[in-house]
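Structure first, commentary second.
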Ligand code: TNX
């Protein structure tokens, strides 16, 4: 009897030691409820997720291994490790390998034959390895966001936490519905510096947004250095709504933003808003102004900002209010197009992305025939500088075609006109996608001229709702959620209006229309509360969402 007991305990010790030396000999651990919840809560929702019921654990000895990778892929590995090191306290060193998969590691691998498009990826999590595969680097970067979301929310904290760092095992295949999934930040009304914009890029890329449209000029401010017209930034950038000191990006700073965005696989789309919304330019260079004297009566004419239009084409006053539609460039002046040419040339030179946005909205004091001439000229100039022109919906009135992109915000008439002319659409319906609209009448920031947009109505629309009878999904390039900043002053203000709505816009651009239901989404979104909190995001706690603590 004693002998037998001894033999059994020897056997148990032996098995135990084996288990320590060869952890895989232990039976696989089933997925914990937390890891299962994370797997079920990815935003945007992946195209397909097959749960396999076990657990992968990131440990002290885990490495991130780049399979036959270029420097670019190593950088994505570094990015992912950088997002995990602080909270885990692990080294997570980056190594390269030739395709042998060792237990405990996370692998990044490119496979051009996987036909996953520009941004799609496969994520295969077993109890032994995490293998992320994509056809292109952007796909690996998008997949890295999924890995972050599969880990516990504490992974986003910047101090060492206890773990364990478990991921549910699964096979995920994920490809976006639209190639343009954007957000716009208006740095014209209130200026936001380089660090704020970088944080904005960090946050939007978590939800697989791939475009940041920067609204770089408006009546209240000119925010980008133009070397051939230096006063635009120096004077035109010297204030903002409410009269604060404003600011602008030097071209060097802008290039730094471009590079930062590229590392997050985000394309910057720079906008110079013309021919309206140009008071900051008109205040910087008097020669751009028209002038109207009404001599018969000997009185002066005032524009809507009470600036004198006295015929001598002197600069206007800087403007710090929030009216729109009172300023315009002058089509009859030759210097106008020298100005536009110079600005677009310098902007194109620091823009590696394919698009230049020329604004074109709310030119309420530009004659319609002049407006059409402007649109056609802008188009020619943007094309000559090797870029594709985007403009707000009003540009549909110009002679545009399939080489121009129209951004719908308000008028079904212009949207339909654009589709009839063969232009692709970016959808920013103001009643559903405007991040500057208040959530409800009690929201401390924002406007409500279009609608109150709580998290449910921000989510509950489909891009294809906006097609007319003749158009198809191919007419839609994608969607964009703009944040106008008349009422937005600090980064906290930005975060409060942008989150959590932006998560929903990320999903509308990424997933297919038939897979979205608010009642299912709100449960997933609820689990992102702790994630946003861990990222120190001052998000709006809508009562419509059953938030997790
Ligand atoms: C309309 S939408 C504008 C902006 C304002 C915004 C405020 C559009 C193309 N123009 O100039 O900032 O409303 O919500």
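Numbering (the numbering used here), first residue to last: -5 to 543. Built from N, CA and C at the ideal position, the CB exists for glycine as well. Fair warning: this is a prediction, and the values are worked out from it, not measured in the lab.
Span of the alpha helix (DSSP H) holding residue i?
i           : result
residue 368 : 362 to 378
residue 401 : From DSSP, residue 401 is part of no alpha helix (DSSP H) but of the beta strand (DSSP E) over 398 to 402.
residue 339 : 328 to 343
residue 546 : Outside the shown range of the chain (-5 to 543) lies residue 546, about which nothing can therefore be said.
residue 252 : 245 to 257
residue 502 : 495 to 504
residue 524 : 522 to 528
residue 410 : 406 to 414
residue 273 : 273 to 278
residue 226 : 225 to 228
From residue i to residue j, what distance separates their C-alpha atoms?
i           : j           : result
residue 447 : residue 426 : 6 Å
residue 572 : residue 164 : Any question about residue 572 goes unanswered here, given that the chain covers just -5 to 543.
residue 340 : residue 213 : 21 Å
residue 106 : residue 63  : 13 Å
residue 261 : residue 110 : 20 Å
residue 253 : residue 396 : 29 Å
residue 344 : residue 231 : 19 Å
residue 274 : residue 385 : 19 Å
residue 516 : residue 127 : 29 Å
residue 175 : residue 358 : 29 Å
residue 141 : residue 108 : 19 Å
residue 258 : residue 144 : 19 Å
residue 284 : residue 249 : 34 Å
residue 452 : residue 424 : 10 Å
residue 150 : residue 313 : 41 Å
residue 53  : residue 177 : 36 Å
residue 474 : residue 21  : 47 Å
residue 493 : residue 152 : 20 Å
residue 95  : residue 125 : 9 Å
residue 288 : residue 267 : Because residue 288 carries a pLDDT of 38, less than 50, the predicted location of this residue cannot be relied on, and no value is offered for it.
residue 462 : residue 380 : 31 Å
residue 35  : residue 28  : 11 Å
residue 543 : residue 481 : 29 Å
residue 404 : residue 429 : 14 Å
residue 439 : residue 539 : 20 Å
residue 282 : residue 228 : 17 Å
residue 352 : residue 192 : 23 Å
residue 466 : residue 226 : 42 Å
Tell me the residue span of the beta strand (DSSP E) that contains residue i.
i           : result
residue 163 : 159 to 168
residue 385 : 382 to 386
residue 180 : 174 to 180
residue 474 : 470 to 477
residue 421 : 418 to 421
residue 103 : 100 to 104
Identify whether residue i lies in helix, strand or coil by the three-state DSSP scheme.
i           : result
residue 451 : helix
residue 199 : helix
residue 17  : In this prediction, residue 17 scores a pLDDT of 48, lower than 50, which makes its location untrustworthy; the coordinate-derived value is nonetheless stated afterwards. Helix at residue 17.
residue 264 : strand
residue 188 : helix
residue 44  : strand
residue 56  : coil
residue 88  : strand
residue 443 : coil
residue 461 : coil
residue 24  : strand
residue 436 : coil
residue 61  : strand
residue 33  : helix
residue 220 : coil
residue 205 : strand
residue 467 : helix
residue 281 : helix
residue 391 : helix
residue 77  : helix
residue 110 : coil
residue 323 : coil
Mind checking who residue i pairs with in its DSSP beta bridge?
i           : result
residue 512 : Answer is none; residue 512 lacks a bridge partner.
residue 427 : According to DSSP, which records beta bridges pairwise, residue 427 is partnered with nothing at all.
residue 349 : 382
residue 212 : 215
residue 49  : 162
Taking 7 Å as the cut-off, is the C-beta of residue i nearer than that to any heavy atom in the ligand COA?
i           : result
residue 386 : Of the ligands one can find in the structure shown, namely the ligand TNX, none is the ligand COA.
Would you mind listing the beta strand (DSSP E) stretches within the segment 112 to 159 that are 3+ residues and don't spill past its ends, in chain order?
115 to 119 and 124 to 128
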